[in-house]
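Visitor: This structure is in structure tokens; I'll ask about it shortly.
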Amino acid sequence: RIALIAVAMALAVADEGEPECTKESFRAKFGADPTYELLSNPAPFLNSEGALVATVKYLSPCAGGGSEFTVTHKNKNGMDVLIASRGEPKCESRMAASEVFHGQ
């Protein structure tokens, strides 16, 4: 079994025994808001090379999003958990105003 949890949210829930992870519980645990939203439709999956494919949404000053994601594997209470961390957006020219990026 593999569970995908965005930006260490699984650790916040497992450590505090909370029934669900909310933006408020994330903020309380890490002192900041989550930097992206992991969308459940279509469901995240591992492709044939074992890479995580997920649909996300986040605010970015770069056309096309511009962020790279790093995936870390943890074993938490016998369950494999993938933690996807978003890097700062990088692009040649920033837009005048940030826009919502929605994609994989």
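Using the working numbering, the first residue of the sequence shown is number 8, and each one after it goes up by one. Beta carbons are placed, not taken as given, at the ideal position from N, Cα and C, and that holds for glycine.
So within the segment 27–58, which uninterrupted beta strand (DSSP E) runs reach at least 3 residues, ignoring any that extend past its ends?
Guide: Within the segment 27–58, the complete beta strand (DSSP E) runs of at least 3 residues are 44–46.
Visitor: Roughly how far, in whole angstroms, is the beta-carbon of ALA50 from the beta-carbon of GLN111, given that I think they are within contact range, below 8 Å?
Guide: Not really, about 12 Å apart at Cβ, beyond 8 Å.
Visitor: In whole angstroms, what separates the C-alpha of LEU66 from that of GLY72?
Guide: Cα to Cα, the separation comes out at about 8 Å.
Visitor: Looking at the unbroken beta strand (DSSP E) that takes in MET102, where does it start and where does it end?
Guide: It is not in any beta strand (DSSP E) - MET102 carries neither H nor E in the DSSP assignment.
Visitor: Taking the alpha-carbon positions, what's the SER105 to SER92 distance?
Guide: Approximately 20 Å, taken between the alpha carbons.
Visitor: So what's ASN82 in DSSP terms, helix, strand or just coil?
Guide: Strand.
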